[in-house]
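I have placed the structure first, in the form of structure tokens, so that the comments after it can refer back to it.
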Amino acid sequence: MKITDIKVLFLEGGPTPPEGRFEDNPPINGFGGRKAEVPGNMVQPYVQILTDEGITGLSPGFPSRIAPFIIRDLLKPVLIGKDPQEYEALWLHMRNNVRHGRRGVGMLAVAAVDLAVWDILGKLRNESVYRLLGGPVQPRLRTYLAMLGLNTAPESVARRSREGVERGFTAFKWYLHYGPSSGNEGLKANVHLAKTFRDAVGYDVDLMVDCSRLMSLHYMLKLSKALPR
1 MKITDIKVLF
11 LEGGPTPPEG
21 RFEDNPPING
31 FGGRKAEVPG
41 NMVQPYVQIL
51 TDEGITGLSP
61 GFPSRIAPFI
71 IRDLLKPVLI
81 GKDPQEYEAL
91 WLHMRNNVRH
101 GRRGVGMLAV
111 AAVDLAVWDI
121 LGKLRNESVY
131 RLLGGPVQPR
141 LRTYLAMLGL
151 NTAPESVARR
161 SREGVERGFT
171 AFKWYLHYGP
181 SSGNEGLKAN
191 VHLAKTFRDA
201 VGYDVDLMVD
211 CSRLMSLHYM
221 LKLSKALPR
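Those letters in the sequence shown? Residues 1 to 229, by our numbering.
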């Protein structure tokens, strides 16, 4: 089996949620940036690998506009003609040809192609990929509802959290928009988000927060002491 082509596909669909995902979160001070509402449809990239035996591999894309160029210009040329069953060698070929660093967006591109390779292997062997990788470790996995990119105004936090509970979720992850540069007002806003969440849905569900590399260890210790128990 040989790889004959690698394509990046862009599929477009309606926004999720229907009113749009990215909403306005005004800055606390001059260090904060305003997130404008982004209307319109969402575009999701996919990687498709074609082979000479008619088996294709498909993988979800990557949160970057640069990755398609890396796949097209750096990864595709070294993979054409290679056997996807030699997945370890393919991964090394890709890693060695990401010239601009082996972290970040370069490795996102490698991962997207690697996932499509594994999709080919699963189809070729008529087996689920998780079994090819060693089989299940746990019979069931708990899911959580990610609220990233959503408005963190109190009414939005309360409404969306209650809607999540009604849908059966028992854990949530909200994004904290404010770090040390936003001072005490930002800290209060982060704490108020957690308090609003607890007031809306109680303590029978779990709350996680995404700090998005904004916070120092000192700030996190300060925040953890201020959060509602």
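Note that the Cβ used here is the ideal one computed from N, Cα and C, for glycine as well. What you are looking at is a predicted structure, and each value in this text was computed from that prediction instead of being measured.
- Remark: C-beta atoms of Ala189 and Tyr178 approach each other more closely than 8 Å.
- Sixteen is the threshold: since fewer than 16 other Cβ atoms of the shown chains lie within 10 Å of the Cβ of Met208, the residue is exposed.
- Here DSSP, grouped into helix, strand and coil, assigns Phe10 to strand.
- As computed with DSSP, Met208 is found in a beta bridge with Lys173.
- If you ignore the 5 residues before and after Arg102, its C-beta comes within less than 7 Å of the C-beta of Arg95, all in its own chain and listed in chain order.
- Fewer than three pairs of CB atoms, one per stretch, sit closer than 8 Å, so the segment 78 to 94 makes no contact with the segment 128 to 137.
- In this structure, Tyr46 sits away from Gly57, with a CB-CB distance that is not shorter than 8 Å.
- By the neighbour-count criterion, in which 16 or more other beta carbons inside 10 Å mark a residue as buried, Val137 falls on the exposed side.
- Between Lys173 and Tyr144 a beta carbon distance of about 6 Å is seen, short of the 8 Å cut, so the two are scored as contacting.
- Within 10 angstroms of the beta-carbon of Arg160 lie 16 or more other beta-carbons, which makes it buried.
- With respect to the 8 Å criterion, Lys2 and Gly81 are classified as neighbours on the basis of their beta carbons.
- Residues of the same chain with a CB within less than 7 Å of the CB of Gly106, apart from the 5 flanking positions on each side, are Ile70, Val98, His100 in chain order.
- Selection Ile49, Arg229, Ala171, Asp73 evaluated against Leu115 yields Ile49 as nearest (Cα-Cα).
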